[in-house]
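Numbering (my numbering), first residue to last: 2 to 160.
Built from N, CA and C at the ideal position, the CB exists for glycine as well.
Keep in mind it's a predicted model, so treat the numbers as computed, not measured.
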Amino acid sequence: MYVLERSQRIPAPLSDVFAFFSDPRNLARITPPFLGFRVIAAPAELAAGSRIEYRIRWAFLTLRWVTRITRWDPPAEFQDVEERGPYRTWIHTHRFIEGPDGVTMHDRVEYALPFGPAGRLVHALRVRRELDAIFEYRRRAIEEIFGGGSRDRAAGATP
C-alpha cells in the first residue's frame with residue numbers, strides 16, 4: 002500500500018470550497034488533459050453513497066473507473082473509494098479546515114496496484130510520477146480557480 006498526501010491553502014470561504022468539490026462536474030477542471038478524463042455518470046451533487054463513473058486514458062488504454070462516496074461529513078470531509086478501476090485499492094480522503102485566511106485542504110490517497118511485483122515495478126517506473134504530476138496540476142488549477150494560494154506540504158507516495 003502506498004500513501005500520497007497533499008495540503009493546499011485556498012483563499013476562499015469553506016462553504017465555497019466544499020461546494021466546488023461537491024460538484025462532480027468540477028473534477029474535469031482540475032484533472033490534467035493527458036488523462037483524457039471524462040465523467041460518464043454522476044449525481045448533480047455528491048452525497049454519501051454517490052457513485053461516479055469516469056473514463057481515463059493511460060498510455061494507449063482507455064479505462065473505466067468507478068468510485069463511491071463512502072464517507073460524507075460536510076463541510077469537513079468526504080472520502081471516495083474505488084469500486085472498479087486501475088488500482089487494487091484507492092481510498093481518497095478530502096479534508097477541509099477553515100482558518101482566518103481561507104481553507105486548508107488536505108488530500109490523503111491510500112492506494113495499491115494489482116499484479117504484485119509487476120505492479121510495484123510499474124509504480125516505481127511510472128505511476129508514482131504520474132500521480133505527482135496529476136496532483137501538481139490539480140494544485141495549480143485550484144489556485145487559478147480560487148486565486149492565489151500556497152502549497153503547505155507535498156509528500157510523495159510512500160510504501
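Cβ neighbours of residue i in the same chain (closer than 8 angstroms, five flanking residues each side left out)
i: R56; result: G37, F38, R39, I41, T63, L64, R65 and W66
i: P101; result: none
Check: residue i C-beta below 7 angstroms from any heavy atom of the ligand PLP
i: W73; result: Annotation note on the ligand PLP: not contained in the displayed structure, which lists no ligands.
Contacts around residue i, its chain only, beta-carbon distance under 6 angstroms, and the 5 residues preceding and following it disregarded
i: A155; result: Interpretation of A155 is limited by its pLDDT of 49, a score under 50 that renders its predicted location unreliable; the figure taken from the coordinates is listed afterwards. R7, listed in sequence order.
i: Q80; result: T71, R72 and T94
i: I53; result: P25, A43 and T68
Sequence-distant residues of its chain with Cβ nearer than 7 angstroms to residue i (five each side left out)
i: F97; result: L15, V18, F19, P76, A77, E78, V104 and M106
i: F22; result: H95
i: G148; result: P12
Counted within 10 angstroms of its Cβ, other Cβ atoms place residue i as buried (16 or more) or exposed
i: R60; result: The question names Arg, but residue 60 in the sequence shown is Ala. Answer is exposed; the Cβ neighbour count stays below 16.
i: R130; result: exposed
i: L5; result: buried
i: F35; result: exposed
i: R140; result: buried
i: R10; result: buried
i: L47; result: buried
Cα-Cα separation between residue i and residue j, rounded to whole angstroms
i: P12; j: T71; result: 27 angstroms
i: A49; j: D24; result: 13 angstroms
i: E99; j: P33; result: 27 angstroms
i: D108; j: E137; result: 12 angstroms
i: H124; j: L114; result: 7 angstroms
i: M2; j: L122; result: 13 angstroms
i: D74; j: A134; result: 28 angstroms
Using 8 angstroms as the Cβ pair cut-off and three pairs as the minimum, do the region 85–93 and the region 13–33 touch? no
Check: Which ranges would you report for the alpha helix (DSSP H) in the region 95–148 if only whole runs of at least 4 residues count?
Finding: 117–123 and 129–147
Check whether the region 90–100 and the region 117–124 are in contact - that is, three or more C-beta pairs closer than 8 angstroms. no
Quick check for students: name the residue ranges of the beta strand (DSSP E) that lie wholly in the region 40–98, counting only runs of 3 or more. 52–59, 62–74 and 78–85
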